[in-house]
Amino acid sequence: MTAFACILVPDFPVEALFRAEPELRSQAVAVLEGKAPLQKLFAVNEKARRAGVEPGMTKIQVEACPGLVLRARSELQEASAHAALLDCARSFSPQIEDAGSDSILLDLAGLEPLFGPPAKIARDVARRACDLGLEANVAVASNPDTAVLAAHGFSGVIVIPPGKEAEQLGNLPLDVLFTVGHDAEVQPQNTPSQIMEILERWGIRNLRALAALPDIALCERLGQDGIRLQQLARGCASRTLVPAGPPLIFEEAIELEYPLVLLEPLAFLLSRLLEQLCARLGARALATQELRLQLELENGHLHRGAGNAVPAGNDEVGNDEKDRRCFHRTLRLPVPLLDPRVFLKLLQLDLQAHPPGAPIVKIHLAAEPVRPRSVQGGLFLPPSPEPEKLELTLARIAGIVGQDKVGSLQLLDTHRPQGFLMRHFASDRQQQPKKEKQIPRGRKSPRNDNLANNNLDGDPEREIAVTALRIFRPPLHATVTLREGRPVCITCSKRKDICGEILWAAGPWRSSGDWWEQEGWARDEWDIAVQESSGITLYRLVRDLLSGQWRVEGSYD
Amino acid sequence: MSSPLVCTQAAGGRPLAIFVKDPAQVLQRFAAAPKLAGVTPASRLAVRPSPERVSSGIREIDALTGGLPRGCLSEISGSASSGRTSVLLATLAAATRRHEVCALVDTTDALDAASAAAAGIDPERLLWVRCGETGLRPRTPDRGHRPPSEFRALEQALRVTDLLLQSGGFGLVAIDLGDVSQAAARQMPLASWFRFQRAVEPTPTVLLVVAQAPCAQTCASLLIRLRSGKKLSAFSFQLSEKEMNCPAHTQLLDGLQIEGELLRSRLQRKPAQSVTMAFATKAAGI
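Protein chains in written order, with the numbering used here: chain A, 1 to 557; chain B, 558 to 843.
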């Protein structure tokens, strides 16, 4: 059995507004379009309609209406809401048709074993749309046009059994017929208003009356338009679905009426956007590994944070908006996540460390979709931090010690001393199978290569402690007295305890590198023992051959 | 002996007067009181299970201590060149060999990457937090004078350790206070150590503190003191005289002789005793 469902969001511009401001749902709301002072109502919700407000009225006409909330139309929010509607439909069926900004058609063929009977599917679709912040009508019928007519005519969820289309649609008014799109190749002979006028003159008020008219006589008077409208009224029109492609773009945006200065109110808006993004990603069984936040700053303000701010020099924006500056932050995660609270906390911590620097007038948030993480846990695996918690912990630690002071170390393939860099720590990397260990050259020293691999083979039996070096960062400048080419006395101004006669010295071990570059280095290393109050301490003393300075680089411990 | 009169408060609030001749009867009557019926006698209390021990990566220390206990705070103290860092790196290497995720709170940013690699630490399993000068948002309000960098680093280390222990999932969290002066380490609030001990207690995490002198006080379940062995103490008098005429480049630091002493172990149900051991480290061409 073939069945089609239509998801229709009545008063779509208002519903799109409610996604951004859900607290308005209990009030009478009207959406304005146009430039002041010629603004007209573009859409209203049911409460406003009951108060006598209709689309097409001017702003001046409705300003006296008590309790009516007026908002400007936001095409950005409508685009986000439409994308959410598409995601909702795709979470049920791969065959969908984008029937308009406010409606989507789904082919339900073959879904019964997966989701249950059509009535259950319709209820689930309505619930999923509600989760995405959209109150939708859902109608199921045996052909797409009947489903569209029913979605426009009936509120809530309705299932029209096969063969009962004409009976169910009979009481609907004639104007719902013109909500169904017609074939683009067939040019209508009469405009909808002309047809409506003719039918009204005939005394035809609803679809039942239209369906009962004789075919040939109707064709003689209204032509092919009349036949098409009658087939729609009888619920027997048939056509194929025009499937829509699946663009995997997950973006949400809010345009603010007043510039935001503080980060706290920004967090509320980000929370809303993140919840919507995560709901959309969840509907497609996806997660995200990269969040891109773009804050449009107020005119005249320039963001001073180098690297993260780029001018919004987009050709598509108007000239007046070119002066605005955008603030970009990108949150890259080591594992795919789908928790809006984690994202919000990470964004908060990031914005606290890198504030935008100017009032915000527009928020744009995009997520890069990836497949969710699938990890097979094990009872006997060693403990490891949960990725969500770990990311938050790392962000908090980075807020305390600095972004570049936390992570895992990676040795560089160089003999240069302290040749390493910090990289982002990820607990998920440990789950991956280990590659064959490659020892970077930086691990070995030109001084003593043969002892470099004490414990690197991972043999627990070979538990030999390696003499460790504690590095002084930055190295301590020292004054060294030489006798016969070897240091005999040392004085360090920063550390008073490194002072006095050198009891024992071994060296020098000369090394150099990168002489072909500007950052060349050459040094002599000495191991020295100095008598201190706590005992004898071993230090590494280095003489920079380029500058001739002596430095205490660290202590052996 | 006259019969004692025992007056107590029963569960219902009425005073209960018991005339008894035998003290055993007194105990029986007390035990029969409704309020005390649910109390488990001390003799029947279950013995707390001994925590799991893990290897420190050095056989001699394992033999001395039985291993580092999970869910406890262990402390290693010693002066400079006493082998603290070598033991710390060996412990981290052993933990990463067990495929555990470890964290090192480096208070003075003193970790040498080459030493860590030579010790066998898997860098992908080690979270290195470098406390120090460039930290953001100091908790201490700036009232015209800034605390010394050492105290700022200590404050950072405490906050970071708190976060790591709350996050959970780490097999070993090590706090390196090796270059923090004893005066500064002594000013660390005892409440912090109690908080760390309490946070780590229900987890399988080993919390290891390396410092110049014991600073966790009673919170440490295991306390080891390290000192340089005879070789290091004596070579200034023996080797230097012996090798006085040898050129310096022919000499080589081949390692440290380390002696360890177990000062405290709450895990052994026997009187505290001081046990010593010795081991040597090998220079690894770092």
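A virtual CB, placed ideally from N, CA and C, is assigned to each residue, including glycine.
This one's a predicted model, so the numbers in the text were calculated from it and none came from an experiment.
Which residue wins for smallest C-alpha separation from residue i, given the options the options?
{"i": "residue 209 of chain A", "options": "A/172, A/358, A/553", "result": "A/172"}
{"i": "residue 86 of chain A", "options": "A/65, A/129, A/511", "result": "A/129"}
{"i": "residue 538 of chain A", "options": "A/526, A/549, A/257", "result": "A/526"}
{"i": "residue 571 of chain A", "options": "A/542, A/412, A/514", "result": "There is no way to answer for residue 571 of chain A, as the model of chain A reaches only from 1 to 557."}
{"i": "residue 164 of chain A", "options": "A/263, A/234, A/465", "result": "A/234"}
{"i": "residue 706 of chain B", "options": "B/747, B/688, B/778", "result": "B/688"}
{"i": "residue 78 of chain A", "options": "A/21, A/59, A/116, A/194", "result": "A/21"}
{"i": "residue 416 of chain A", "options": "A/517, A/27, A/497", "result": "A/517"}
{"i": "residue 722 of chain B", "options": "A/413, A/211, A/262, A/384", "result": "A/384"}
{"i": "residue 153 of chain A", "options": "A/162, A/137, A/117, A/161", "result": "A/137"}
{"i": "residue 391 of chain A", "options": "A/409, A/350, A/206, A/371", "result": "A/350"}
{"i": "residue 754 of chain B", "options": "B/808, B/734, B/738, B/778", "result": "B/778"}
{"i": "residue 336 of chain A", "options": "A/169, A/373, A/511, A/472", "result": "A/373"}
{"i": "residue 546 of chain A", "options": "A/554, A/512, A/540", "result": "A/512"}
{"i": "residue 499 of chain A", "options": "A/515, A/485, A/479", "result": "A/479"}
{"i": "residue 531 of chain A", "options": "A/192, A/488, A/425, A/132", "result": "A/488"}
{"i": "residue 555 of chain A", "options": "B/582, B/585, B/638", "result": "B/638"}
List, in order along the chain, the chain A residues whose C-beta lies closer than 8 Å to that of residue i?
{"i": "residue 667 of chain B", "result": "470, 471, 472, 473, 554"}
{"i": "residue 726 of chain B", "result": "383, 384, 385, 386, 389, 390, 427"}
{"i": "residue 641 of chain B", "result": "557"}
{"i": "residue 821 of chain B", "result": "Per Cβ cutoff of 8 Å: no residues; residue 821 of chain B is ~21 Å from chain A at best."}
{"i": "residue 706 of chain B", "result": "Neighbours of residue 706 of chain B on chain A: none; closest Cβ ~12 Å, over 8 Å."}
Decide if residue i is buried, meaning its Cβ has at least 16 other Cβ atoms within 10 Å, or exposed.
{"i": "residue 18 of chain A", "result": "buried"}
{"i": "residue 483 of chain A", "result": "exposed"}
{"i": "residue 125 of chain A", "result": "buried"}
{"i": "residue 203 of chain A", "result": "exposed"}
{"i": "residue 669 of chain B", "result": "buried"}
{"i": "residue 528 of chain A", "result": "buried"}
{"i": "residue 443 of chain A", "result": "Caution applies to residue 443 of chain A, whose pLDDT of 41 falls short of 50 and renders its modelled position unreliable; the value that the coordinates give is listed next. So residue 443 of chain A ends up on the buried side."}
{"i": "residue 470 of chain A", "result": "buried"}
{"i": "residue 733 of chain B", "result": "buried"}
{"i": "residue 216 of chain A", "result": "exposed"}
{"i": "residue 262 of chain A", "result": "exposed"}
{"i": "residue 9 of chain A", "result": "buried"}
{"i": "residue 457 of chain A", "result": "Caution applies to residue 457 of chain A, whose pLDDT of 42 falls short of 50 and renders its modelled position unreliable; the value that the coordinates give is listed next. Classification of residue 457 of chain A: exposed, given that the 10 Å Cβ count is below 16."}
{"i": "residue 398 of chain A", "result": "buried"}
Can you name the residues of chain A whose CB is closer than 9 Å to the CB of residue i?
{"i": "residue 646 of chain B", "result": "465, 466, 468"}
{"i": "residue 782 of chain B", "result": "What residue 782 of chain B touches in chain A: nothing, since even the nearest Cβ is about 12 Å away."}
{"i": "residue 814 of chain B", "result": "The contacting residues do not exist; residue 814 of chain B stays about 11 Å from chain A at best."}
{"i": "residue 808 of chain B", "result": "504, 505, 506, 507, 527"}
{"i": "residue 688 of chain B", "result": "400, 401, 405"}
Residues of chain A with CB closer than 7 Å to the CB of residue i, please, in chain order.
{"i": "residue 636 of chain B", "result": "534, 535"}
{"i": "residue 838 of chain B", "result": "465, 466, 467"}
{"i": "residue 658 of chain B", "result": "384, 385, 427, 430"}
Check whether the Cβ of residue i lies closer than 8 Å to any Cβ atom in chain E.
{"i": "residue 47 of chain A", "result": "Judged by its chain identifiers, the structure shown contains no chain E, and its protein chains are A and B."}
Is residue i near the ligand MG, with its Cβ less than 7 Å from a heavy atom?
{"i": "residue 726 of chain B", "result": "Looking at this structure, you won't find the ligand MG or any other ligand, since it has none at all."}
Can you name the residues of chain B whose CB is closer than 8 Å to the CB of residue i?
{"i": "residue 411 of chain A", "result": "670, 671, 674, 680"}
{"i": "residue 538 of chain A", "result": "638, 789, 810, 813"}
What does residue i touch in chain B if you count any residue whose Cβ is under 9 Å from its own?
{"i": "residue 348 of chain A", "result": "Simply none; closest approach about 13 Å."}
List, in order along the chain, the chain B residues whose C-beta lies closer than 7 Å to that of residue i?
{"i": "residue 420 of chain A", "result": "670"}
{"i": "residue 397 of chain A", "result": "686, 717, 720"}
Chain A contacts from the region 745-777 of chain B (Cβ-Cβ distance under 9 Å): 760, 761, 762, 769
Contact residues within the region 374-395 of chain A, judged by C-beta distance below 7 Å to chain B: 382, 383, 384, 385, 386, 389, 390, 393
Residues, ordered as in the chain, of the region 490-503 of chain A that lie near chain B by beta-carbon distance below 9 Å: 497, 503
Meets three-Cβ-pair contact criterion under 8 Å: the region 359-370 of chain A and the region 244-257 of chain A: Under the Cβ criterion (8 Å, minimum of three pairs), the region 359-370 of chain A counts as touching the region 244-257 of chain A.
Stretch pair the region 626-637 of chain B + the region 743-763 of chain B: three plus CB contacts closer than 8 Å: As far as the Cβ criterion goes, the region 626-637 of chain B touches the region 743-763 of chain B, which means the pair count is three or higher.
Sufficient close CB pairs (3 or more, under 8 Å) joining the region 136-150 of chain A to the region 233-241 of chain A: yes
Any 3 or more C-beta pairs closer than 8 Å across the region 724-733 of chain B and the region 653-671 of chain B: The count of Cβ pairs closer than 8 Å, one atom from the region 724-733 of chain B and one from the region 653-671 of chain B, reaches three, so the stretches are in contact.
Members of the region 708-739 of chain B near chain A, C-beta cut-off 8 Å: 713, 716, 717, 720, 721, 723, 724, 725, 726, 727, 728, 735, 736
Segment contact, 8 Å Cβ cut-off, at least three pairs: the region 62-69 of chain A with the region 93-105 of chain A: Result no; under three Cβ-Cβ pairs closer than 8 Å.
Contact the region 275-294 of chain A vs the region 336-351 of chain A: 3+ CB pairs below 8 Å: Short answer: they touch.
Validate contact between the region 639-655 of chain B and the region 462-472 of chain A using beta carbons, cut 8 Å, 3 pairs: Yes: at least three Cβ pairs fall under 8 Å.
Stretch pair the region 189-196 of chain A + the region 259-275 of chain A: three plus CB contacts closer than 8 Å: no
Cβ contact (3+ pairs, closer than 8 Å) linking the region 323-340 of chain A and the region 279-298 of chain A: yes
Short-range partners of chain B found in the region 353-370 of chain A, where Cβ spacing is below 9 Å: 353
Three-pair Cβ contact test at 8 Å for the region 110-121 of chain A versus the region 45-60 of chain A: Fewer than three Cβ pairs drawn from the region 110-121 of chain A and the region 45-60 of chain A lie within less than 8 Å of each other, which leaves the two stretches out of contact.
Segment contact, 8 Å Cβ cut-off, at least three pairs: the region 404-415 of chain A with the region 671-680 of chain B: The region 404-415 of chain A vs the region 671-680 of chain B: in contact.
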